[in-house]
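To start, the structure under review is shown below, and the notes come after it.
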Amino acid sequence: MRKLHLTNAAGRDATVHTQGLRPAPPPERGVPGKAVHFARFLATDENGLHDTLAGAHGEDYGQALIDGDPEVDLESVGRFLGGTDKVFLSSTGDVLYAAPEVVEVIYGPDGAEKERRSPETVPGNVNETDPVIWTGKKMPKAKVVTRFAFQRAIQIRHVDGLTYDFLFAMAKELSDSGEMVLIGAGPGGKKPLVFQTNGSPYRGFLEGRIDGAKYKLLLHLSNMELKRPAEEA
Amino acid sequence: MAKPIVLNHGGAVSQFDFSKVDRKKLYGRRVRMNLDPAGERCANADLTDDGWRLIRRGMASQGYFDQDGSYLSSRDLVGLDADGNPLERVGSTLGTETALEGPIAPEVLLDMKISSVYALDALEVDAALQQALEAGQIFRFAFNYRSDFLAESALLLQNGEGVFALVGQPTESEWCELDQPPPPPVFEEEEEDDDLDFEMF
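In the order they appear, the protein sequences are chains A and B.
Residue numbering for the first sequence follows this note's numbering, beginning at 14 and increasing consecutively.
Residue numbering for the second sequence follows this note's numbering, beginning at 402 and increasing consecutively.
Below, the structure written as structure tokens:
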């Protein structure tokens with residue numbers, strides 16, 4: 014369970030617990046009554062790759078595969094693969110023995126390259142020390158759900174009596190007004206929430222629900238607006 | 402082209418074409434690229450732990466095997482419940498008349514983890530449904546893109562940009578009480594950086 018440093022409308026802060034909300038896992042696939050396992054295996058060796066086959070038999074090598082199985086080396090094909098290490102190959106297919114240069118390439122929505130630059134490391138900003146901010150920017154729930162697609166939700170929970178009062182009051186305020194409030198990081202809460210280094214930035218909207226003395230305080234996270242791509246709009 | 406989404410609202414049928422919307426299409430993307438000494442893009446490969454072989458792209462595959470090591474094709478596999486019993490296959494809903502449920506509360510949408518978003522284009526839309534959507538009402542319907550063992554649902558809504566269907570799975574949160582013991586620790590997987598830019602910010 015992670016901790017979250019959160020401020021309320023008055024700027025008071027507290028450290029509380031969070032728990033990611035996940036759907037039930039999809040059903041496992043298998044054969045009834047039979048133990049099965051999932052494995053990675055060697056499907057072909059270098060001689061079965063397209064470039065090699067095209068070089069040896071021409072581009073239309075389908076019949077050659079049927080006639081002679083040149084892509085199947087009985088000594089190696091089908092062998093299960095265990096652990097592997099990642100290596101980089103040069104554009105000519107040779108193994109690199111020194112770390113490659115890394116660049117960050119920006120593509121526009123049309124798929125065209127817009128910019129190349131040195132990669133920047135963006136640290137996470139949701140943690141125990143830096144508070145995330147109640148910005149005070151509120152929107153009715155009905156409006157928020159038609160403007161953003163929410164891919165993640167986090168439940169915020171108290172850790173003691175004081176934080177129960179702290180979170181209950183926030184949930185009650187939001188429940189009573191039927192609104193959600195924008196939560197942000199950095200000074201004034203102007204920055205999106207980033208949960209880990211180089212992680213996706215999210216807009217966070219806090220929602221509160223109340224049932225007597227019970228509460229739910231849910232942080233809904235979105236990284237996509239509900240709108241049509243520019244070429245379709 | 403995929404079959405349309407066909408929805409029944411109060412006995413009247415509406416049909417929509419649909420196209421997937423994702424962040425790449427809206428905002429573009431950011432990719433970290435490895436370059437070789439000549440400034441050309443590197444390819445990735447895997448070296449087996451024992452140094453036996455370099456696995457280039459296209460050389461490996463994956464699948465299910467039984468205890469004898471025999472390969473099982475996808476036709477042999479079914480969805481299994483928690484007790485190992487076979488589940489019924491859920492057919493595709495595309496092209497099939499599907500009942501709309503609702504209007505539903507915004508909380509129903511907030512309780513879903515959205516996995517796909519589709520922009521809808523009306524081929525034929527019932528006037529009452531059109532009016533309800535323009536009024537901001539949200540509806541739910543069963544949605545399954547292709548036949549499989551997981552029934553999904555989608556939420557139909559409209560905003561100033563158009564009509565959308567949001568597909569996902571429900572999540573469950575808990576009520577918190579003053580004297581409630583803390584829940585057991587849950588391992589939280591870290592998300593992977595998906596190299597996407599996000600100009601929404």
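From the three backbone atoms N, C-alpha and C, an ideal C-beta is built for every residue, glycine too.
Classification of residue i by the beta-carbon crowding that lies within 10 angstroms, buried from 16 upward
i: His-233 of chain A; result: buried
i: Asp-82 of chain A; result: exposed
i: Arg-424 of chain B; result: buried
i: Gly-429 of chain B; result: buried
i: Trp-669 of chain B; result: Outside the modelled stretch of chain B, which goes from 402 to 602, sits residue 669 of chain B, for which no answer is possible.
i: Lys-404 of chain B; result: exposed
i: Gly-485 of chain B; result: exposed
i: Pro-255 of chain A; result: Look at the range of chain A in this structure, 14 to 246, and you will see that residue 255 of chain A is not part of it.
i: Arg-458 of chain B; result: exposed
i: Leu-524 of chain B; result: exposed
i: Asp-450 of chain B; result: exposed
i: Ala-533 of chain B; result: buried
i: His-410 of chain B; result: buried
i: Arg-442 of chain B; result: exposed
i: Tyr-110 of chain A; result: exposed
i: Ala-125 of chain A; result: exposed
i: Glu-591 of chain B; result: A caution first: Glu-591 of chain B carries a pLDDT of 49, below 50, which makes its placement in the model too unreliable to give a value.
i: Thr-497 of chain B; result: exposed
i: Arg-165 of chain A; result: buried
i: Asp-482 of chain B; result: exposed
i: Thr-31 of chain A; result: buried
Assigned secondary structure, residue i (DSSP; H/G/I helix, E/B strand, else coil)
i: Thr-572 of chain B; result: strand
i: Asn-21 of chain A; result: coil
i: Arg-165 of chain A; result: strand
i: Met-460 of chain B; result: coil
i: His-410 of chain B; result: strand
i: Tyr-110 of chain A; result: coil
i: Gly-61 of chain A; result: helix
i: Ser-188 of chain A; result: helix
i: Thr-159 of chain A; result: helix
i: Lys-473 of chain B; result: The identity of residue 473 of chain B in the sequence shown is Leu, whereas the question assumes Lys. It is a strand residue.
i: Thr-176 of chain A; result: helix
i: Gly-75 of chain A; result: helix
i: Met-183 of chain A; result: helix
i: His-260 of chain A; result: Summary: the structure shown does not reach residue 260 of chain A, with chain A confined to residues 14 through 246, and so no result is reported for it.
i: Gly-3 of chain A; result: An answer regarding residue 3 of chain A cannot be provided, because it is not within the stretch 14 to 246 covered by chain A.
i: Gly-563 of chain B; result: strand
8 Å contact criterion, which residue i and residue j should meet: CB distance rounded
i: Glu-578 of chain B; j: Ala-226 of chain A; result: 7 Å
i: Asn-211 of chain A; j: Thr-142 of chain A; result: That belief does not hold up - the Cβ atoms of Asn-211 of chain A and Thr-142 of chain A are roughly 19 Å apart, past 8 Å.
i: Ala-413 of chain B; j: Leu-530 of chain B; result: 7 Å
i: Val-49 of chain A; j: Asp-467 of chain B; result: 6 Å
i: Lys-240 of chain A; j: Glu-562 of chain B; result: 4 Å
i: Thr-20 of chain A; j: Pro-144 of chain A; result: 5 Å
i: Arg-92 of chain A; j: Phe-51 of chain A; result: The Cβ separation is near 16 Å, so there is no contact.
i: Glu-117 of chain A; j: Pro-132 of chain A; result: 4 Å
i: Asp-447 of chain B; j: Asp-98 of chain A; result: 7 Å
i: Leu-557 of chain B; j: Met-237 of chain A; result: Between Met-237 of chain A and Leu-557 of chain B the Cβ distance is about 18 Å, and since that is not below 8 Å, they are no contact.
i: Leu-94 of chain A; j: Ile-505 of chain B; result: Actually they are not in contact, since the Cβ atoms of Leu-94 of chain A and Ile-505 of chain B sit about 47 Å apart, beyond 8 Å.
i: Phe-218 of chain A; j: Val-139 of chain A; result: The Cβ separation is near 14 Å, so there is no contact.
The ligand ATP heavy atom lying under 6 Å from the CB of residue i
i: Leu-55 of chain A; result: The ligand ATP is not part of the structure shown, which contains no ligands of any sort.
Using a Cβ-Cβ cutoff of 8 Å, what residues of the region 19-41 of chain A are near chain B? List them in chain order.
Per Cβ criterion, the list reads His-30, Gln-32, Gly-33, Leu-34, Arg-35, Pro-36, Ala-37, Pro-39, Pro-40 and Glu-41.
What residues in the region 45-57 of chain A bring their beta carbon closer than 7 Å to a beta carbon of chain B?
Correct list: Pro-45, Lys-47, Ala-48, Val-49, His-50, Phe-51, Ala-52, Arg-53, Phe-54, Leu-55, Ala-56 and Thr-57.
Output needed in chain order: residues of the region 79-111 of chain A with a Cβ under 9 Å from some Cβ in chain B.
Cβ contacts with chain B: Ser-89, Gly-91, Arg-92, Phe-93, Leu-94, Gly-95, Gly-96, Thr-97, Asp-98, Lys-99, Val-100, Phe-101, Leu-102, Ser-103, Ser-104, Thr-105, Gly-106, Asp-107, Val-108, Leu-109 and Ala-111.
Hey, which unbroken runs of the beta strand (DSSP E) at 3 residues or more fall wholly within the region 190-237 of chain A?
Qualifying beta strand (DSSP E) stretches, in chain order: 192-197 and 214-224.
Below 9 Å between beta carbons is the criterion; list the residues of the region 464-497 of chain B that meet it against any residue of chain A, in chain order.
Against chain A - using a Cβ distance shorter than 9 Å - the residues of the region 464-497 of chain B are Gly-464, Tyr-465, Phe-466, Asp-467, Gln-468, Gly-470, Tyr-472, Leu-473, Ser-475, Asp-477, Leu-478, Val-479, Gly-480, Leu-481, Asp-482, Ala-483, Gly-485, Asn-486, Pro-487 and Leu-488.
Output, in sequence order along the chain, the residues in the region 565-584 of chain B whose CB is closer than 8 Å to any CB in chain A.
So the list reads Phe-565, Leu-567, Gly-569, Gln-570, Pro-571, Thr-572, Glu-573, Ser-574, Glu-575, Trp-576, Cys-577, Glu-578, Leu-579, Pro-583 and Pro-584, given in the order they occur along the chain.
Runs of beta strand (DSSP E) lying entirely within the region 478-545 of chain B, each at least 3 residues, in chain order
For the region 478-545 of chain B, whole beta strand (DSSP E) runs of length 3 or above, ordered along the chain, are 479-481, 498-500, 502-505, 513-525 and 539-544.
Relative to chain B, which residues along the region 210-225 of chain A have a C-beta separation below 7 Å, given in chain order?
Within the region 210-225 of chain A, the residues whose Cβ lies closer than 7 Å to some Cβ of chain B are Asn-211, Gly-212, Ser-213, Pro-214, Glu-220 and Asp-224, listed in chain order.
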